[in-house]
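There are 2 protein chains.
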Amino acid sequence: MGKQMTEMLKGTLEGIVLAILGGQPAYGYEITARLRDQGFTDIAEGTIYALLVRIEQRGLVDVEKVPSEKGPPRKVYSLNTLGSGYLEEFWKTWSFLAERIEHLHIGHPQEQGEK
Amino acid sequence: MGKQMTEMLKGTLEGIVLAILGGQPAYGYEITARLRDQGFTDIAEGTIYALLVRIEQRGLVDVEKVPSEKGPPRKVYSLNTLGSGYLEEFWKTWSFLAERIEHLHIGHPQEQGEK
DNA sequence: ACCAGTACATAGTATCGCTGAATAGCAGCT
DNA sequence: AGCTGCTATTCAGCGATACTATGTACTGGT
């Protein structure tokens, strides 16, 4: 992708990760891999780990260290009550924004240019 | 709104403004007012003006100074060819992201279940 | 003269995601 | 034992964006 995606991910990537953790606990490497599978091929590992540190410091997740058979111990993150509330607000914010943007999209379909 | 919205607007606000300009030319103050009408009550004027300066410097818009009866001359921005292409890419990026996020939303609404 | 409304501009701050590298454990191969 | 590759986490420095707060400039009403 490119710069547009990078900027657009600001604020939403956090929600995406929280939503994934809302489904089931996971650790950083796993989350990165899952995102890649879903098409986010350009998201750097470092980005996810930094994000996980942030949401941990804000108390949105609980952490448990689990030994791995193939490397250093995994830090397994799970969404706690505070995180669930935050995720709920994320969905509200997202819905608000998405609704208005879709409205703009339908309002003036930009299908006139050719590439 | 709050901090979530602030972060989420990064990257999307530019697309929103370009989409508005794609509908018809407009000037900064007007754009700000229209955004407020649409529910974006917390978007500061300074944010819009700074954004307009950026997209002008990138050559995405053409500018025309039009005298106003009630204040300093208006800077009317209109989307040019380059800007249209950029807007088109914005919609692609947005669609990609929105699709995946909606999938996450539908994927695990409130319950966590096994697949 | 004062103030509200219109209209634009900007310096300073905080946050976020990316780049690039370092650190560390384990397995298989030579 | 050393090398390579995969797993797994961490961190410093950078670029881009939106917000805060303020300032400038013009018009009309009181």
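So the sequences go chain by chain: A and B. When you line the first sequence up against our numbering, it's residues 1 to 115, in that order. When you line the second sequence up against our numbering, it's residues 1001 to 1115, in that order. Idealized CB from N, CA, C, for every residue including glycine.
{"Query": "Counting pairs of Cβ atoms below 8 Å between the stretch 1073-1088 of chain B and the stretch 76-87 of chain A, do you hit three or more?", "Result": "no"}
{"Query": "Can you check DSSP and say which residues form a bridge with Tyr-27 of chain A?", "Result": "A:Val-76"}
{"Query": "DSSP puts Asp-1062 of chain B in a beta bridge; with which residues?", "Result": "B:Ser-1078"}
{"Query": "Measuring only between beta-carbons, confirm whether Leu-104 of chain A sits less than 8 Å from chain B.", "Result": "yes"}
{"Query": "Please list the terminal residues of the continuous alpha helix (DSSP H) segment that includes Glu-56 of chain A.", "Result": "45-57"}
{"Query": "Go ahead and pull the three-state DSSP assignment for Lys-3 of chain A.", "Result": "helix"}
{"Query": "Give the interface partners of Met-28 of chain A over in chain B, defined as CB-CB distance under 9 Å, in chain order.", "Result": "Per the sequence shown, residue 28 of chain A should be read as Gly rather than Met. Here the premise fails: no neighbours, minimum Cβ distance about 18 Å."}
{"Query": "So, is the C-beta of Gly-113 of chain A closer than 8 Å to a C-beta in chain B?", "Result": "Caution applies to Gly-113 of chain A, whose pLDDT of 42 falls short of 50 and renders its modelled position unreliable; the value that the coordinates give is listed next. Taking Cβ atoms only, chain B reaches closer than 8 Å to Gly-113 of chain A, which makes this a yes."}
{"Query": "Shorter than 8 Å from the beta carbon of Thr-1012 of chain B to some beta carbon of chain A?", "Result": "yes"}
{"Query": "Quick check: Gly-46 of chain A and Met-1008 of chain B, are their CB atoms within less than 8 Å of each other?", "Result": "no"}
{"Query": "So Thr-93 of chain A contacts chain B; which residues on that side make the cut at Cβ distance below 7 Å?", "Result": "Met-1001, Gln-1004, Met-1005, Met-1008"}
{"Query": "Can you tell me which of the three DSSP states Lys-1092 of chain B falls into?", "Result": "helix"}
{"Query": "Three Cβ pairs or more, each shorter than 8 Å: is that satisfied between the stretch 1062-1073 of chain B and the stretch 57-68 of chain A?", "Result": "no"}
{"Query": "Output yes or no for whether 8 Å exceeds the beta carbon distance between Leu-104 of chain A and Ile-1048 of chain B.", "Result": "no"}
{"Query": "Check whether the stretch 1084-1093 of chain B and the stretch 1016-1034 of chain B touch, using three or more Cβ-Cβ pairs below 8 Å as the test.", "Result": "yes"}
{"Query": "How big is the Cα-Cα spacing for Gly-1113 of chain B and Glu-30 of chain A?", "Result": "Since pLDDT at Gly-1113 of chain B reaches only 38, below the 50 mark, its modelled position is unreliable, and no value is offered."}
{"Query": "Report all residues from its chain with a CB closer than 6 Å to the CB of Glu-1102 of chain B; omit the five preceding and five following residues, and keep chain order.", "Result": "none"}
{"Query": "Assuming Met-5 of chain A and Thr-1006 of chain B are in contact, meaning their beta carbons sit under 8 Å apart, how far apart are those beta carbons, in whole angstroms?", "Result": "Contact doesn't hold; Cβ gap of about 19 Å is too wide."}
{"Query": "Kindly indicate which three-state DSSP category Asp-1037 of chain B falls into: helix, strand or coil?", "Result": "helix"}
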